[in-house]
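The structure under discussion appears below in the form of structure tokens.
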Amino acid sequence: MIDIKIVREKPDVVKENIKKKFQNEKLPLVDEVITLDKEMREVKVRGDELRASRNEKSALIGKLMREGKKDEAMKIRDEVSGYGDEIDALSKREEELNEEIKKRMMVIPNIMDPSVPIGEDDSKNVENERFGEPMVPSFEVPYHADICARLGGLDKESAGRTSGNGFYYLIGDVARLHSAMLSYARDFMIDKGFTYVIPPFMIRSDVVNGVMSFAEMEDMMYKIEGEDLYLIGTSEHSMIGRFKGQLIKEEELPITLTSYSPCFRKEVGAHGIEERGLYRVHQFEKEEMIVLCKPEEGMDWYNKMWKYTVEFFRSLDIPVRTLECCSGDLADLKVKSCDVEAWSPRQKKYFEVGSCSILGDAQARRLGIRMKTKNGNEYLTTLNNTVLATPRGLIAFLENNVNEDGSVNIPEVLRPYMGGKEKLVTKN
170 MIDIKIVREK PDVVKENIKK KFQNEKLPLV DEVITLDKEM REVKVRGDEL RASRNEKSAL
230 IGKLMREGKK DEAMKIRDEV SGYGDEIDAL SKREEELNEE IKKRMMVIPN IMDPSVPIGE
290 DDSKNVENER FGEPMVPSFE VPYHADICAR LGGLDKESAG RTSGNGFYYL IGDVARLHSA
350 MLSYARDFMI DKGFTYVIPP FMIRSDVVNG VMSFAEMEDM MYKIEGEDLY LIGTSEHSMI
410 GRFKGQLIKE EELPITLTSY SPCFRKEVGA HGIEERGLYR VHQFEKEEMI VLCKPEEGMD
470 WYNKMWKYTV EFFRSLDIPV RTLECCSGDL ADLKVKSCDV EAWSPRQKKY FEVGSCSILG
530 DAQARRLGIR MKTKNGNEYL TTLNNTVLAT PRGLIAFLEN NVNEDGSVNI PEVLRPYMGG
590 KEKLVTKN
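Residues 170 to 597 in this note's numbering are what the sequence shown spells out, letter by letter.
Have a look at this one:
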């Protein structure tokens, strides 16, 4: 949610930003907000005037009564008695107008950074940089589900019976490798100076509305029936929600946190749920990083954060690239975002394994998170980034470390988490 002052003072900027996001259906909202805001301020001024007048005349009534001028005092009291109903009506109208303004402001997209490329959808995202040589081995790389099967590590058929499509069992060495990658991701971020957190895996609707748009919520999140609780789609939601309504001292910033959680997603959309593999599933696990900082430090942290993810994947011998998200692919709360994509030697192309985003003060404004400065209280900047989301990260690892005989090499950084194993071997 952007500052309403921007809508009042620079409506053309807000409208141009909407056009660049190819959301022209939202253009009328800007004028509607301006009209409603004008009425609300008039209502507020009138209400404040009446309250001030009532207070002033109430004091005068007391003075007249003490002076024995009862008739004059009663005349003024009769006049003041009519103020109450109008003040109540004005207060009710102000509340209604506030709600109507908020409803519209919640769907007006955040102002993008000028560096964001303009494009209608993710097909117009722009490659920034590649890290590591994308190699294709001399043998045909198996499908990741087949690599797992040869290692005795995947059972989707049983998961289909217990839970339905989009779920899976990981078994044995594959399950251990999955956990090893997450443990390594945790320690990798701790070594970068981030504080490790395990957050709640369910959050209330007011937190959901604070961290994401309504459309995203409907497409992503599972609601707990009969309760005001949602299963998180990423730990960023509860991590940012932790600071809801808080006033943070400027000297305590930046706050740098890394969190583990399971994640639950409907995966609604044209892509659907994958029948056989692990690309799109309803349940996965993730190591996340979030930062709360001063606005002027936001872009510096943005660039640090995506570089951490690149460094993490390169330490696992996985080539990656960064892809700048274009305007049409940028979620409404985001100022700027880039995806980290891993190389798939089987598909001979890159696929997304993480995303880094700076949201300006959008989440902070929705959740009431401010910093206390010498110049007063100000909204701060929030950022989030994926360290590792698996099984996506597991797929990238298996494809880039599998051998022709089906065995899988374990890089040195993972061996302490795998009991010293240097290689996983196939099962008969």
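For glycine and all other residues, C-beta sits at the position ideal for the given N, C-alpha and C.
Exposure of residue i, with buried meaning 16 or more beta-carbon neighbours within 10 Å
i, result
"Ile166", "What the structure shows of the chain is the stretch from 170 to 597, and residue 166 is not part of that stretch, so it cannot be assessed."
"Gly414", "exposed"
"Ser407", "buried"
"Ile277", "buried"
"Ser404", "buried"
"Ser467", "Correcting the residue identity first, residue 467 is Gly in this sequence and not Ser. The residue in question, Gly467, is buried, as its Cβ has 16 or more Cβ neighbours within 10 Å."
"Gln532", "buried"
"Thr550", "buried"
"Arg330", "exposed"
"Asn569", "buried"
"Met358", "buried"
"Glu178", "exposed"
"Asp360", "exposed"
"Asn279", "buried"
Where residue i falls: helix, strand or coil (DSSP)
i, result
"Leu233", "helix"
"Cys494", "coil"
"Val366", "strand"
"Leu398", "coil"
"Ile527", "strand"
"Gly545", "strand"
"Ala500", "coil"
"Val522", "strand"
"Pro306", "coil"
"Met458", "strand"
"Glu248", "helix"
"Phe191", "coil"
"Ile579", "coil"
"Asp240", "helix"
"Pro429", "Before going on, a small fix: residue 429 reads as Tyr here, not Pro. Three-state DSSP puts Tyr429 in a strand."
"Asn267", "helix"
"Arg539", "strand"
Backbone CA spacing between residue i and residue j [nearest angstrom]
i, j, result
"Arg273", "Thr559", "36 Å"
"Val343", "Ile316", "10 Å"
"Asn554", "Glu457", "6 Å"
"Lys239", "Ser250", "16 Å"
"Glu236", "Glu268", "47 Å"
"Asp257", "Leu492", "54 Å"
"Glu241", "Lys207", "38 Å"
"Lys271", "Val199", "12 Å"
"Leu567", "Glu480", "18 Å"
"Leu557", "Val489", "13 Å"
| said: For the structure I just gave you, are there three or more beta carbon pairs, one from the region 373-384 and one from the region 465-485, closer than 8 Å? | reply: no
| Between the region 554-570 and the region 516-536, are three or more C-beta pairs nearer than 8 Å? | yes
| Would you call the region 358-370 and the region 413-431 touching, i.e. three or more CB-CB distances under 8 Å? | yes
| field | Segment contact flag, the region 204-214 with the region 253-267, C-beta cutoff 8 Å, min 3 pairs | value | yes
| request: Report yes or no: do three or more beta-carbon pairs, one from the region 291-299 and one from the region 494-508, lie closer than 8 Å? | output: yes
| Does the region 338-357 come within contact of the region 309-326, defined as at least 3 CB pairs closer than 8 Å? | Yes, they touch.
| query | At which residue ranges does the region 327-373 contain complete alpha helix (DSSP H) runs of 4 or more residues, listed in the order of the chain? | reply | Runs of the alpha helix (DSSP H) inside the region 327-373: 341-360.
| 4 or more residues per run - each alpha helix (DSSP H) lying fully within the region 460-496 | Taking only runs of at least 4 residues, the alpha helix (DSSP H) segments lying wholly in the region 460-496 are 467-483.
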